[in-house]
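Everything below concerns the one structure shown next.
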Amino acid sequence: MSAVKVKNLHSGDTGGKGWLRRWMEYKDYDTVPFCSNISCINEAVHGGHVIKVGNADKRRYIVPLCADCNENKDDSFEFYVPEDDLVLLTDLS
Ligand SMILES: [Zn+2]
Numbered sequence: 754m755s756a757v758k759v760k761n762l763h764s765g766d767t768g769g770k771g772w773l774r775r776w777m778e779y780k781d782y783d784t785v786p787f788c789s790n791i792s793c794i795n796e797a798v799h800g801g802h803v804i805k806v807g808n809a810d811k812r813r814y815i816v817p818l819c820a821d822c823n824e825n826k827d828d829s830f831e832f833y834v835p836e837d838d839l840v841l842l843t844d845l846s
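Going by the working numbering, the first residue of the sequence shown is number 754, and it counts up by one from there.
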């Protein structure tokens, strides 16, 4: 499994569960996934907006996140997610 370092975007987006639902439809999930943060074991409740860290790719992605990971807006909060979990925001809009 290839993991990518990401951090939360301060998008101010309140789409909430709408983004998780769209992610699940896109990925053909019929059960709620776990948080994509590979060091977290919570169930996802949000489709979190993230951006890759230290990467020339500055596009916005959606990944399933739990409330704790999604709401941590600390700029130093960086975490790894499976590359396969990243879905381009523009693919879900
Ligand atoms: Zn989490």
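Note that beta-carbon positions come from the ideal geometry of N, C-alpha and C, so glycine has one too.
Quantities reported herein were computed from a predicted structural model and do not represent experimental measurements.
**Request:** To the nearest angstrom, report how far apart Asp838 and Pro817 are at their CA atoms.
**Result:** 8 Å
**Asked** Do you know how far the Cα of Pro786 is from the Cα of Phe832?
**Response** 17 Å
**Request:** State yes or no: is the C-beta of Ala756 within less than 9 Å of the C-beta of Val806?
**Result:** no
**Cβ shell of Leu841 (< 7 Å), same chain only, five flanking positions each side left out** = Arg812, Tyr814
**Prompt:** How would you call His802, buried or exposed, if buried means at least 16 neighbouring beta carbons within 10 angstroms?
**Reply:** buried
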